[in-house]
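The sequence shown begins at -10 in our numbering and counts up by one. The beta carbon of each residue, even a glycine, is placed where N, CA and C say it ideally should be.
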Amino acid sequence: MVHALSDTAAASGPPWDAGAHTWKPLRYFNLYRLALAGLLTVAYFAGPTPPSVLGSYNPALFEIVCPLYLAFAIAAIVAHHFRVPAFAVQVYVQLLADIAAITLLMAASGGTGSSIGVLLVITIAGGSLLIPGRLAILFAALAALAVLAEQIVAVIEGGTGGTFTRAGILGAAYFATAIIAYLLARRIRESEALAARRGADLANLEKLNETIIRRLDAGVLVVDHTGRIRLANEAARRLLRIRARPPEDRGGAALDTVSAGLAEALGRWRKQPAREPEPFQAGPRRVTVQPRFTQLGADAGAGTLVFLHDAAELARQAQQLKLASLGRLTASIAHEIRNPLGAISHAAQLLAESPRLEAGDGRLTQIIREQSDRVNTIVENVLQLSRGRPAHAEPVAIRGWLAEFAREFALTHHLDPACLRIEVEPAELEIPVDTTHLQQVLWNLTQNALEHGNAGRTEPRITLAAGRDPESGAAYLEVRDPGPGLDAEAAQQAFEPFHTHSARGTGLGLYIARELCELNQAALEYVGSLGGESRFRATFHPHRNTEPA
-10 MVHALSDTAA ASGPPWDAGA HTWKPLRYFN LYRLALAGLL TVAYFAGPTP PSVLGSYNPA
50 LFEIVCPLYL AFAIAAIVAH HFRVPAFAVQ VYVQLLADIA AITLLMAASG GTGSSIGVLL
110 VITIAGGSLL IPGRLAILFA ALAALAVLAE QIVAVIEGGT GGTFTRAGIL GAAYFATAII
170 AYLLARRIRE SEALAARRGA DLANLEKLNE TIIRRLDAGV LVVDHTGRIR LANEAARRLL
230 RIRARPPEDR GGAALDTVSA GLAEALGRWR KQPAREPEPF QAGPRRVTVQ PRFTQLGADA
290 GAGTLVFLHD AAELARQAQQ LKLASLGRLT ASIAHEIRNP LGAISHAAQL LAESPRLEAG
350 DGRLTQIIRE QSDRVNTIVE NVLQLSRGRP AHAEPVAIRG WLAEFAREFA LTHHLDPACL
410 RIEVEPAELE IPVDTTHLQQ VLWNLTQNAL EHGNAGRTEP RITLAAGRDP ESGAAYLEVR
470 DPGPGLDAEA AQQAFEPFHT HSARGTGLGL YIARELCELN QAALEYVGSL GGESRFRATF
530 HPHRNTEPA
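Right, here's the structure in full:
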């Protein structure tokens, strides 16, 4: 019978999920059955005489069915607790048992006139909320047939047929209850499904927003109306030096304890929203930060969305836009220079081979060749930068790679390998980077350290260091030398194209190195002199993309 009903359910309606949202209503239904069976048992057996209605027609039948129904109610609760047998089996068996037990109790109490048959309305209503599709109508039909069969048996045994009308009314009530409950249950299930989809969409949207905010280069903060930080991405933590919040701290840090300058700027903006926020100094390095504020809601208790931009980075980006335009123009000019430059160099070479050339003129031709070579180097660098191929990053075990680089550099410049020291912490550090670009960047930085940081030293000393920033977790590479370093003005101009203090330099080395770092989602900067060493550092984005840029 149960298998037949299962097949009917599959044909008449969609299967339902016997998860927590269906087992829980079944538990309430079982508690109702236990309360009903308990009340009937107590009412019949506890008093000196049973109520006039209960068991009035057939007391022996009532005394058998009522305790059995109570025992079944207890067994149903135990089965629900262990969830054995399956959900569908429990529902079908319990509904059939309810219909049979209540019909027999009604027959023992005088038939439809006892009003016990009304209890089946509650049973049909509860069952319709638990079972899918048209099965609710099936159980209503079974209940109506049971009541009708009870009435027929009563007539056969000598009763009157006048109560067929009541049986018909009860049957109609069962069908009406099943239909209404089925429609309500379907509406509830549709609402639950919609709520589940909306919940999944909200969870996905929240995850997407979190990922976008985390990957933003700009710092993002959410500050509530009390001045406490509710959200901070890694860029904001890096700018403001915010440490990770401990699990027990659910309220968030107070903004004024993290950055008094930002708290003051936010206070001024709240008083005068139309006023342009002023930059403030953040962190121990006194980084100039430009804030932007946006109100998250119209009410007074709404929070504020704060965007933080490194002012130096904004200036650098503006400079980059100008340099990009300049680079395109320069590349075009460089391409046009190559042909006449080649002719000049070739003519100077032929002139130097002339037997009638005087000694003084030979020196002039040498100057022409040297300067032509220098101009050609500038042209090659400019064209290489304009053609810059995308980065193809792959994880590199940096300690081994630096050791090979140091060996090659020392061999090329006839240096003692001990002149180049390698410091990598942790030793197994890997950095996703294009090794061709990294070779060119480090070669340029190490060449500068050799020429400028070790000028006048008989034994050069250069340190190649790598590690992770303790605040952001970003990997970095450093080239250190014992030189005096750069003053503030020279450091600001170091990465500008064609800026050089060397008579033999082109002024493009550091500019090209920084551009190659940016292709690898890294930032190259001069970090000043620390511990008696001048340092250039390339910091890689902590969530860099390893796909071609």
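Residue environment, residue i, which counts as buried when at least 16 other CB atoms sit within 10 Å
i           : result
residue 193 : exposed
residue 503 : buried
residue 115 : buried
residue 69  : buried
residue 543 : In the structure displayed, the chain extends from -10 to 538; residue 543 sits before or after that span and is not available.
residue 104 : exposed
residue 120 : buried
residue 362 : exposed
residue 426 : buried
residue 318 : exposed
residue 528 : buried
residue 338 : exposed
residue -2  : Here residue -2 scores only 39 on pLDDT, less than 50, and its place in the model is too uncertain to base an answer on.
residue 235 : Note that residue 235 scores a pLDDT of 48, beneath 50, so its modelled location is shaky; the value from the coordinates is reported in the next line. With fewer than 16 other Cβ atoms within 10 Å, it is exposed.
residue 400 : exposed
residue 523 : buried
residue 232 : exposed
residue 117 : buried
residue 359 : exposed
residue 83  : buried
residue 447 : exposed
residue 283 : exposed
Length of the line joining the Cα atoms of residue i and residue j
i           : j           : result
residue 17  : residue 298 : 57 Å
residue 98  : residue 40  : 10 Å
residue 160 : residue 187 : 40 Å
residue 385 : residue 444 : 32 Å
residue 245 : residue 216 : 8 Å
residue 237 : residue 219 : With a pLDDT of 43 at residue 237, under the threshold of 50, the modelled position of that residue is not reliable, and no figure is offered here.
residue 455 : residue 331 : 42 Å
residue 191 : residue 449 : 60 Å
residue 38  : residue 24  : 21 Å
residue 54  : residue 172 : 33 Å
residue 348 : residue 341 : 10 Å
residue 387 : residue 452 : 14 Å
residue 242 : residue 462 : 21 Å
residue 153 : residue 67  : 38 Å
residue 164 : residue 129 : 5 Å
residue 471 : residue 412 : 16 Å
residue 109 : residue 197 : 51 Å
residue 140 : residue 167 : 22 Å
residue 539 : residue 467 : Here the chain has residues from -10 to 538 only, and residue 539 is not among them.
residue 421 : residue 178 : 49 Å
residue 43  : residue 189 : 53 Å
residue 36  : residue 19  : 26 Å
residue 278 : residue 175 : 56 Å
First and last residue of the uninterrupted alpha helix (DSSP H) at residue i
i           : result
residue 131 : 124 to 145
residue 383 : No alpha helix (DSSP H) holds residue 383; the beta strand (DSSP E) holding it covers 383 to 386.
residue 455 : Residue 455 -> not in any alpha helix (DSSP H); beta strand (DSSP E) instead, spanning 451 to 457.
residue 38  : No alpha helix (DSSP H) holds residue 38; DSSP gives it neither H nor E.
residue 110 : 108 to 119
residue 511 : No alpha helix (DSSP H) holds residue 511; the beta strand (DSSP E) holding it covers 511 to 519.
residue 507 : 498 to 508
residue 412 : Counting along the chain, residue 412 falls outside any alpha helix (DSSP H), though it belongs to the beta strand (DSSP E) covering 409 to 414.
residue 478 : 477 to 482
Where the beta strand (DSSP E) through residue i begins and ends
i           : result
residue 429 : Here residue 429 belongs to no beta strand (DSSP E); instead the alpha helix (DSSP H) covers 424 to 437.
residue 217 : Taken as a continuous stretch (DSSP letters only), residue 217 belongs to no beta strand (DSSP E), as it is neither H nor E.
residue 526 : 522 to 529
residue 469 : 464 to 470
State whether the region 133 to 141 contacts the region 81 to 100, with contact taken as three or more CB pairs (one from each stretch) at a distance under 8 Å. yes
Validate contact between the region 246 to 255 and the region 325 to 338 using beta carbons, cut 8 Å, 3 pairs: no
Taking only runs that begin and end inside the region 189 to 269, name each unbroken beta strand (DSSP E) of 3 or more residues, in chain order. 208 to 212 and 218 to 221
Length at least 4, wholly inside the region 28 to 103: the alpha helix (DSSP H) runs in chain order: 48 to 71 and 76 to 97
What ranges does the beta strand (DSSP E) occupy inside the region 282 to 358, keeping only unbroken runs of at least 3 residues that lie completely in it? 293 to 299
Touching by the beta-carbon criterion (3+ pairs, under 8 Å), the region 223 to 232 and the region 287 to 303: yes
How about the region 505 to 519 and the region 470 to 489: do they share at least three Cβ pairs that are nearer than 8 Å? yes
Decide yes or no for the touch test of the region 44 to 60 against the region 71 to 82: beta carbon pairs closer than 8 Å, at least 3 of them. no
Decide if the region 347 to 356 is in contact with the region 386 to 401; the criterion is three or more beta carbon pairs, one per stretch, under 8 Å apart. no
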